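Participant:
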Amino acid sequence: MSKSPNDKSIGKTMRYNIPQDDNQEIREILQQVYNALEEKGYNPINQLVGYFMSGDPTYITNHRNARSVIRQRERDELLERILKSYLENNSLS
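Using numbering that gives the first Met the number 0, the first residue of the sequence shown is number 0, and each one after it goes up by one.
Here it is in structure tokens:
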């Protein structure tokens, strides 16, 4: 039985690198979406988690164009920034 090319990567850790973009832009996107969700009476954290976990943009309100705003960046970029901020603020990085 021959091995497929993917068998070579089993057991290896893949590197995932996100280009360092303007963190201020990501901060503004998250703040704008958070504010729009809060204004509409949603729990912003729950809605953002739903969006990040599922990829379904309907977790984000259209109020103040928040749904379009959050989709300006890839979910992985946004999550990377959130995680980095958390780790820095909790002296874990």
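Cβ coordinates follow ideal geometry from the N, Cα and C atoms, glycine included.
Note that the coordinates shown come from a computational prediction; the quantities given were computed from them, not determined experimentally.
(1) Is it true that the CB of residue 14 sits closer than 9 Å to the CB of residue 38?
(2) Whole-angstrom Cβ separation of residue 56 and residue 72, contact assumed at under 8 Å?
(3) For residue 49, which residues of its own chain have a beta-carbon under 6 Å away from its beta-carbon, when the five flanking residues on both sides are left out?
(4) Using a threshold of 9 Å, state whether the C-beta atoms of residue 80 and residue 54 are closer than that.
(5) Between which two residues does the alpha helix (DSSP H) containing residue 43 stretch?
(6) Can you find the residues in the same chain that come closer than 8 Å, C-beta to C-beta, to residue 32, ignoring five residues on each side of it along the sequence?
Facilitator: By the coordinates alone:
(1) Contact: no.
(2) Not quite, the Cβ-Cβ distance comes to about 13 Å (not below 8 Å), so this is no contact.
(3) The answer, listed in chain order, is 58.
(4) No. Outside cutoff.
(5) Residue 43 -> alpha helix (DSSP H) spans 43-53.
(6) So the list reads 43, 47, 59, 65, 68, 69, once near-sequence residues are dropped.
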